[in-house]
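Visitor:
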Amino acid sequence: MSPQTPYRDQFAAARDNPTEFWREAARAIRWSREPQQILDDSRVPFYHWYPDGELNTADNCLDRHVDAGRGDVTALIHDSPVTDSQQRYTYAELRDAVAKFAGVIRNQGVEKGDRVIIYMPMIPEAVIAMLACARIGAVHSVVFGGFAGAELAKRIDDATPKLVLSASCGIEPSRVVEYKPLLDRGLELAEHKVERCVIFQRDTQRCELISGRDIDWNDALAEAEPVDCVPVAATDPLYILYTSGTTGKPKGVVRDNGGHAVAMHYSMRAVYGLDQDDVFWTASDVGWVVGHSYIVYAPLLLGCTSVMYEGKPVGTPDAGAFFRVIAEHKVDVFFTAPTAFRAVKKVDPNGELAKQYDVSNLRALFLAGEHTDPDTAIWAGEKLDVPVIDHWWQTETAWPMSANPLGIENLDVPLGSAGRPIPGYDTHVLGPDGEEVPNGEMGDICVKLPLPPGCFPNLWQNDERYKSSYLEDFPGYYRSGDAGYFDADGNLWVMSRVDDIINVAGHRLSTGMIEEVIAAHPDVAEAAVVGAADADKGQLPVAMVVLKSSATRAADEIVAELIANVREQIGPVAAFKHAAIVDRLPKTRSGKVVRATLRQIADGKEWTTPATIDDPAILTEIEDQLSNIGYGNKRAD
C-alpha cells in the first residue's frame, strides 16, 4: 500500500484485514524464507507474526543496501562534542566492521540464541556490537552505560549471557564515568558467572583488564575473521530490553526479528515521512528503546543516514548544540524528548544561540517520552520553523502507537494531542468496567489484541508476568498503563501514567493537565505535579516548578499566579494551592521525571533512589524544598 494512501484508509485496512496489510508491508524486507503464514493466533494471548519466515536483521540493515549498489551512502554519523570528534561510516564500511566484530563474538563461543550483554557509552562500537550480535543470531541486551553494579547484576542473572561487551568509560560534560569498576561489581554480585568480557579502551581513560577474563577489543579484532549473516526464524528474539525503573526481578521486553524489521521499516515512511536518502537524528541513547529503534534499526532498515550524538542539549558546549548538529549534518527529521527542549529553553529562552545556525533543511521535529506541553512545542516550532509532532509509544511497542503520520497524511492535530492511532493499533479508552468511555472522558488507554508486528510478543522467560502485567485487567486488550482520552475528532490525548491520575475529593484529575497550565506561564521552564495524600480530600496536587533563567520576579509572586491560572483554567475542583520552586527536576537518563519517587517524598514515605536517575543528588534537594511548603521529610538509607 502506498505511503500516500489517506490515513483513514490505511487505518481501516490494518484494522479490518491485518493479515493482508502486514503481508504487503513485509515485502519491503529481504527474507531468506518468505513467510506464507502472516499471523499465528493459535496460542492466545501469545500472538506471533510471520511464524514460518526466516531472515537476518543485520543483513536487512546493511548487506541488503550494499548489494543494491548503495554501499557508498553514509549509514552512520557519530558526533561527539564531549570528545570533539566525528566519525562517518558508509553502509559498506559499517557492514565490514559488523562482519569482523561478529567474528570476535563467535570466537568467544557465542552462537545463535546465546545472549550478550552490551554495557557501553554512545560510541559507534555500541552500534557495531548490536548489529554483530544480530548478524550471528545472538540475542543482545543493552544495559544503559553507567548503571550501578547491582542493577547490572539483576540483568545478568535474568538474561544469563555468555559474553559481556563494554568500554573503559563514558564521558559526561563535567566528568568521566568509569565503567570498569561498575562492570566488575555487577559481575561480582551476579549469581550467573560470565567467563569473558571484551572491553573497548577509550583514549580519554583506559582501564585495567583482568587476566583470563577481559579481552582488549582491538586485540580481539586482530584475531577475528568476518562472518556471514545467519538466517533466524522471524519469531526468534533479536534483543531483550529491560524496562527502566524496575524493582526486584526486572521485566525483560523481548523483541522478535521478523515483526520488528517490518514494523521499523514501515514506521520510518508512514510516521516520520522519511526516504532512504534522508538524514534522521534521534537524540537518545542506545540503552533505551528509542535508541534501539531510531538510532540503530529503523534508519538502517530503510537505508537512511542516522546521526548518533554523544552530548547533551546544553553544556556541550552550550544551548545551541541541537541547532549546530541539525545544521552541520543537514538533518531532515529530528526526534528527541520534550524535556531536552525545556532544558534549552530554560538556558536560552529567546533562542539567541539558535539564530547562529541554518536549520532550513529540517522538515519536522518529533517529541516523545513524556507529554509535550503546548508551550514547549510552540517554542521549539518557532525556533526551528518546522511542525512539532508529539507522538506516543512505549518500550513494549518499539514504535509509535499514535502520531501525526506525516508519511501517510499530514493531519490537523491540535497542540497537546499525541495525534491519531497509527495503522495497526486498534486503540480504545476504557473505564474501570472495561467499557469504552465517551469522547472527552479520561480512562485507561488500551489496544485491542493482537498488537501489530514489532510489539513485544512476551517477557523474557516469564509468560505469567506478561499476562498479569499487561493483559489481565482488560481481557482482549493490552493495557498501556497510560491514561488519556479521545476528543471528538479522534485525536488521542495521553495525559499521564494511570498512577498519575489523582483523586481530589472524588474528582479524577490528570496531573498532566495541571502541568500544562503551569508550563504555559512565561516564567516557567518546566514543572512536575504529583498527588500528595490529604486527610480531607484524599489527594491534593503539589507542583515542583523550574523557572527560566530569565525570570526575575519573586518566587511567591509567580506561585500565586500559577495557583490563579490553574483555578481559572481547570477550576477550583483541582484544589491546587502548593508549589515549590526548585532548581531542576529529577529525571531518568531517558528524560522522564521520576514521579513515583516524588509522590513518595511528598507523602513523607520511605524512598530509595531509582537506579535509572541521572543525578541522585537532585532528590535530596527536592526533599528539602518540599519540606519548606509542608510536605515530606523522610528518607530510606
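Following this note's numbering, the residues of the sequence shown are numbered contiguously, the last one being 619.
Virtual Cβ for every residue (Gly too), placed ideally from N, Cα, C.
The structure presented is a predicted model; accordingly, all values stated were derived computationally and were not measured.
1. Around the Cβ of Gly458, are there at least 16 other Cβ atoms within 10 angstroms (buried) or fewer (exposed)?
2. In angstroms with no decimal places, state the Cα-to-Cα distance between Val158 and Ile390.
3. What residue range does the alpha helix (DSSP H) around Gln582 cover?
4. According to DSSP, Val527 sits in a beta bridge with which residue or residues?
5. What separation, rounded to the nearest whole angstrom, lies between the Cα atoms of Ala517 and Gly463?
6. Using CA atoms only, rank isn't needed, just tell me which of Val124, Ala556 and Phe182 is closest to Glu160.
7. Rounded to the nearest angstrom, how far is the Cβ of Gly152 from that of Pro103, given a contact under 8 Å?
8. Can you give the beta carbon distance from Thr354 to Asp330, rounded, assuming they're within the 8 Å contact cut?
9. Can you tell me whether DSSP reads Met290 as helix, strand or coil?
10. Assuming Pro213 and Asn42 make a contact with CB atoms under 8 Å, what is their CB distance in whole Å?
11. Going by beta-carbon coordinates alone, are Ser150 and Arg178 separated by less than 9 Å?
12. Exposed or buried, what is Asn200 when buried is set at 16 or more other beta-carbons lying within 10 Å of its beta-carbon?
13. Which word fits Gly269, buried or exposed, when buried means at least 16 other C-beta atoms lie within 10 angstroms of its C-beta?
14. Which residues does DSSP list as the beta-bridge partners of Cys43?
15. When the Cα atoms are used, what is the spatial distance from Glu497 to Leu522?
16. CB Ala216 to CB Pro33, shorter than 9 Å?
17. Comparing the C-beta of His47 with each C-beta of chain C, is any distance below 9 Å?
18. Where do the ends of the alpha helix (DSSP H) carrying Gly95 lie?
19. Anyone know if the C-beta pair for Arg324 and Val209 falls short of 9 Å?
20. Once DSSP output is grouped into helix, strand and coil, what is the label at Asn332?
21. Which residue spans inside the stretch 355 to 416 form an unbroken beta strand (DSSP E) run of at least 3?
22. Where in the stretch 125 to 166 do unbroken runs of the beta strand (DSSP E), each at least 3 residues long, occur, reported from the N-terminal end onward?
23. For the alpha helix (DSSP H) containing Gln69, list its first residue and its last residue.
24. Would you tell me roughly how many angstroms separate the C-alpha atoms of Arg97 and His122, rounded to the nearest one?
25. Note down, in chain order, each residue of its chain lying with its Cβ closer than 8 Å to the Cβ of Phe317, except the 5 sequence neighbours on either side.
26. Going by DSSP in three states, Val121 sits in which element: helix, strand or coil?
27. Return the CA-CA distance between Pro163 and Gly513, expressed in angstroms with no decimal places.
28. Just list the residues that DSSP pairs Pro103 with in beta bridges.
29. On a CA-only basis, which of Leu169, Ala114 and Ile118 is nearest Ala132? Give me that one, please.
30. State the beta-bridge partners of Leu58 as determined by DSSP.
31. Does the Cβ of Asp408 have 16 or more other Cβ atoms within 10 Å, making it buried, or fewer, making it exposed?
32. In terms of alpha-carbon separation, which member of Asp585, Ser532 and Arg5 lies closest to Gly35?
33. Report, in whole angstroms, the separation of the C-beta atoms of Asp482 and Phe456, which I expect to be a contact under 8 Å.
34. I'd like the list of long-range same chain contacts for Gln90, defined as Cβ closer than 6 Å, with 5 residues on each side in sequence excluded.
35. Under DSSP, the beta strand (DSSP E) around Ala346 begins and ends at which residues?
36. Does the beta carbon of Ser249 fall short of 8 Å from some heavy atom of the ligand FAD?
Guide: According to the structure data:
1. Under the 10 Å beta carbon count, Gly458 is surrounded by fewer than 16 other beta carbons and is classified as exposed.
2. It is roughly 44 Å from the alpha-carbon of Val158 to the alpha-carbon of Ile390.
3. Arg577 to Ala584 is the extent of the alpha helix (DSSP H) around Gln582.
4. Under DSSP, Val527 forms a beta bridge with Ala509 and Ile563.
5. The alpha-carbon of Ala517 is positioned some 27 Å away from that of Gly463.
6. Of the candidates Val124, Ala556 and Phe182, Phe182 places its Cα closest to the Cα of Glu160.
7. Going by Cβ atoms, the distance from Gly152 to Pro103 rounds to 4 Å, so yes, they are a contact pair.
8. With 8 Å as the limit, Thr354 and Asp330 do not qualify as a contact, their Cβ atoms being about 19 Å apart.
9. In the three-state reduction of the DSSP assignment, Met290 falls in the strand class.
10. Separation of the CB atoms of Pro213 and Asn42 is rounded to 11 Å, and the pair is thereby denied contact status at 8 Å.
11. No, the pair does not count as a contact, with Cβ atoms beyond the cut-off.
12. Asn200 counts as exposed, since fewer than 16 other C-beta atoms from the protein chains shown sit within 10 angstroms of its C-beta.
13. By the beta-carbon neighbour count (other beta carbons within 10 angstroms, threshold 16), Gly269 is buried.
14. The partner list for Cys43 (beta bridge, DSSP) is empty, contrary to what the question assumes.
15. The alpha-carbon atoms of Glu497 and Leu522 are separated by roughly 14 Å.
16. Cβ distance < 9 Å, so Ala216 and Pro33 count as in contact.
17. Considering every chain present, this structure includes no chain C. It has just one protein chain.
18. From DSSP, Gly95 is part of no alpha helix (DSSP H); its letter is neither H nor E.
19. Cβ distance not < 9 Å, so Arg324 and Val209 don't count as in contact.
20. In this structure, Asn332 counts as coil in the three-state DSSP scheme.
21. Runs of the beta strand (DSSP E) inside the stretch 355 to 416: 370 to 372 and 409 to 412.
22. Annotation note: the stretch 125 to 166 contains the following uninterrupted beta strand (DSSP E) runs of length 3 or greater, listed N- to C-terminal: 145 to 149, 151 to 153 and 158 to 160.
23. For Gln69, no alpha helix (DSSP H) run applies; the uninterrupted beta strand (DSSP E) run containing it begins and ends at Ser67 to Thr72, by DSSP.
24. Rounded to whole angstroms, Arg97 and His122 show a C-alpha spacing of 6 Å.
25. Hits under 8 Å: Tyr254, Phe262, Trp263, Thr264, Ala265, Ser266, Val272, Tyr276, Leu347, Phe348, Leu349 and Ala350.
26. In this structure, Val121 counts as strand in the three-state DSSP scheme.
27. Going by the C-alpha atoms only, they are around 39 Å apart.
28. Pro103 pairs with nothing; no bridge assigned.
29. When Leu169, Ala114 and Ile118 are compared, the shortest CA-CA separation from Ala132 is found for Leu169.
30. In the DSSP assignment, Leu58 is bridged to Tyr71 and Ser288.
31. Its Cβ being crowded by 16 or more others within 10 Å, Asp408 is buried.
32. Considering only Asp585, Ser532 and Arg5, the residue with the shortest C-alpha distance to Gly35 is Arg5.
33. Not a contact, Cβ separation roughly 19 Å.
34. If the five residues before and after Gln90 are omitted, its C-beta is found closer than 6 Å to the C-beta atoms of Leu145 and Arg178, all from its own chain and listed in chain order.
35. Unbroken beta strand (DSSP E) run through Ala346: Ala346 to Leu349.
36. Annotation note on the ligand FAD: not contained in the displayed structure, which lists no ligands.
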